[in-house]
Amino acid sequence: MVTNAPSSALTGVAFITGAGSGIGAATARAFAAKGVRRFVLVDLVPAGLKAIDTELQAGGAQTAVIAADVSKEDDVKGAVAAAVQTFGRIDYAVNSAGVGALGAFLETPTEEVREQTAQMLKQDPLAGWVRRRGRTDASDSADPKRQQRGSIVNLSSVLGTVAVPGVPAYVASKHAVVGLAKAAAVEHAGRGVRTNNIAPGWIDTPMTNNEHVAAVLEAQTAPGKTPAGRAGTAEEVADVAVFLSSTEASFVNGATWIVDGGFTAL
1 MVTNAPSSAL
11 TGVAFITGAG
21 SGIGAATARA
31 FAAKGVRRFV
41 LVDLVPAGLK
51 AIDTELQAGG
61 AQTAVIAADV
71 SKEDDVKGAV
81 AAAVQTFGRI
91 DYAVNSAGVG
101 ALGAFLETPT
111 EEVREQTAQM
121 LKQDPLAGWV
131 RRRGRTDASD
141 SADPKRQQRG
151 SIVNLSSVLG
161 TVAVPGVPAY
171 VASKHAVVGL
181 AKAAAVEHAG
191 RGVRTNNIAP
201 GWIDTPMTNN
211 EHVAAVLEAQ
221 TAPGKTPAGR
231 AGTAEEVADV
241 AVFLSSTEAS
251 FVNGATWIVD
261 GGFTAL
């Protein structure tokens, strides 16, 4: 009989980028289902933010909605500062917003690869604010269990672990996210903050429904190419994000969880 099993309920403040649609919106719903009632919702598209904000508030949540472009460092810092000003803390940060461009290797300028990689790395300021939760609330410093709540989950891609033709800048930037999770895990572990990465395969989201994206990626990563024989759902990825944010994953740090229906096992 297990007597020290952690509670399945989550409390605290969830900060989610890309919250207006797809995996980000599904993650917000998954956190709400686990008991989170304070949200910071960040996205570039106001319409999507309004919809998820309305849905969460109808369920009794308090929300802060921030329109921001995560490819711009000042926007990221501003969003984090606004979140802390509103709620005083961030406990669970999920970076779901992404950027990417398509193009053959020899046709992709080196500067484009650098730019996309740099954009992926700009989200690290979140870590500093997650660490501050113990400083802004004295009770956290006195309660080791609550200090274990600090979690950052970055959304990468299976193309952060393998590569396919036609998307060199995208592959490079997603590999950067995987490396960032490892570096941040080592850097922030002593402060009670865990950093992990999720590498989704083909997930049914607005991005993969884009005809241009599908035309380039489908031959390599389409649902028919996976043992599962189907696309994954945003909810399946969101469930992993919430698990990695919970105390049930308290010994998981610096890891990359592949959620791809078995694609990378082939």
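Under full-length UniProt numbering, think of the first position of the sequence shown as 1, with each following residue one higher. By construction, the Cβ of each residue, glycine as well, lies at the ideal position given by its N, Cα and C atoms.
Is L106 buried or exposed, if buried means 16 or more other CB atoms sit within 10 Å of its CB?
-> Numbered from its first residue, the sequence shown carries residue 106 at position 106. In this predicted model, L106 has a pLDDT of only 39, less than 50, meaning its place in the structure is not dependable enough to derive any value.
Excluding sequence positions up to five away, which residues of its chain have a Cβ less than 6 Å from the Cβ of T108?
-> As a first step, residue 108 is located in the sequence shown; it is residue number 108 there, counting from the start. With a pLDDT of 41 at T108, under the threshold of 50, the predicted position of this residue should be treated as unreliable, though the coordinate-derived value follows. Same-chain partners within the cutoff: P168, A169.
How is the beta strand (DSSP E) around L41 delimited, first residue to last?
-> The sequence position of residue 41 within the sequence shown is 41, counting from 1. That run of the beta strand (DSSP E) goes 38-43.
Thinking C-alpha only, which one of I90, L159, I203, G48 is nearest A68?
-> Translated into the one-based positions of the sequence shown, residue 68 becomes position 68. Comparing Cα-Cα distances from A68 to each of I90, L159, I203, G48, the minimum goes to G48.
Identify which residue in T63, A26, N95 has its Cα closest to the Cα of V13.
-> If you number the sequence shown from 1, residue 13 lands on position 13. Comparing Cα positions, the closest option is T63.
Mark R54 as exposed unless 16 or more other C-beta atoms lie within 10 angstroms of its C-beta, in which case mark it buried.
-> Counting from one through the sequence shown, the residue named residue 54 turns up at place 54. Note that residue 54 is Thr in the sequence shown here, rather than Arg. Exposed, since its Cβ has fewer than 16 Cβ neighbours within 10 Å.
For T205, the nearest candidate out of A9, I16, S21, L10 (CA to CA) | Within the sequence shown, residue 205 is the residue found at index 205, counting from 1. It is S21 whose Cα lies nearest to the Cα of T205.
Contacting residues, own chain, Cβ-Cβ under 6 Å from N154 (five flanking each side not counted) | On the sequence shown, position 154 is the one that residue 154 refers to. Taken in chain order, the residues that qualify are N95, V177, A181, N197.
Nearest to V162 by CA position, among S151, V36, I152, H175, is which residue?
-> Here residue 162 refers to the residue found at position 162 of the sequence shown. Among S151, V36, I152, H175, the Cα nearest to that of V162 belongs to H175.
Does DSSP put D239 in a helix, a strand or coil?
-> For the purposes of this step, residue 239 is taken as the residue at position 239 of the sequence shown. Helix, per DSSP.
Which same chain residues, not among the five before or five after A249, have their C-beta less than 7 Å away from its C-beta?
-> Here residue 249 refers to the residue found at position 249 of the sequence shown. Excluding residues within five positions, the ones whose Cβ falls inside 7 Å are F243.
Expressed to the nearest angstrom, what Euclidean distance is found between the alpha-carbon atoms of F263 and P227?
-> Start at 1 with the first residue of the sequence shown, and residue 263 comes out as number 263. Start at 1 with the first residue of the sequence shown, and residue 227 comes out as number 227. Approximately 7 Å between the Cα atoms of the pair.
Around the Cβ of T80, are there at least 16 other Cβ atoms within 10 angstroms (buried) or fewer (exposed)?
-> Indexing the sequence shown from 1 puts residue 80 at position 80. The question names Thr, yet the displayed sequence has Val at residue 80. Counting Cβ neighbours within 10 Å, V80 comes out buried, since at least 16 surround it.
Return helix, strand or coil for L49, following the three-state DSSP convention.
-> As a position in the sequence shown, residue 49 is number 49, starting the count at 1. Correct three-state label for L49: helix.
Bridge-paired residues (DSSP) for R194 | Within the sequence shown, the letter at position 194 stands for residue 194. Bridge partners of R194: S151.
With a 10 Å radius around its C-beta and 16 neighbouring C-beta atoms as the bar for buried, classify P200 as buried or exposed.
-> The count along the sequence shown starts at 1 and reaches residue 200 at position 200. The residue is buried, with at least 16 neighbouring Cβ atoms inside 10 Å.
Whose CA, out of E187, D239, P165, lies closest to the CA of G254?
-> On the sequence shown, position 254 is the one that residue 254 refers to. For the residues E187, D239, P165, the minimum Cα distance to G254 belongs to E187.
Pick from T17, A82, A185: whose alpha carbon is nearest that of D43?
-> If you number the sequence shown from 1, residue 43 lands on position 43. Checking every option, the nearest Cα to that of D43 belongs to T17.
Nearest to R38 by CA position, among A83, S245, G150, is which residue?
-> The count along the sequence shown starts at 1 and reaches residue 38 at position 38. When each option's Cα is compared against that of R38, the closest is A83.
Around the Cβ of R230, are there at least 16 other Cβ atoms within 10 angstroms (buried) or fewer (exposed)?
-> In the sequence shown, counting from the first residue as 1, residue 230 sits at position 230. The residue in question, R230, is exposed, as its Cβ has fewer than 16 Cβ neighbours within 10 Å.
Residues that DSSP places opposite Y92 in a beta bridge | Locating residue 92 in the sequence shown gives position 92, where the first residue counts as 1. Partner(s): A14, S151.
Within 10 angstroms of its Cβ, does D91 collect 16 or more other Cβ (buried), or is it exposed?
-> Translated into positions along the sequence shown, residue 91 becomes position 91. So D91 counts as buried.
Residue burial classification, G88 (beta-carbon count within 10 angstroms, cutoff 16) | On the sequence shown, residue 88 is found 88 positions in, with the first residue counted as 1. Looking at its Cβ environment, which holds fewer than 16 other Cβ atoms inside 10 Å, G88 is exposed.
How is D204 classed by DSSP in three states: helix, strand or coil?
-> The residue labelled residue 204 in the question sits at position 204 within the sequence shown. Strand.
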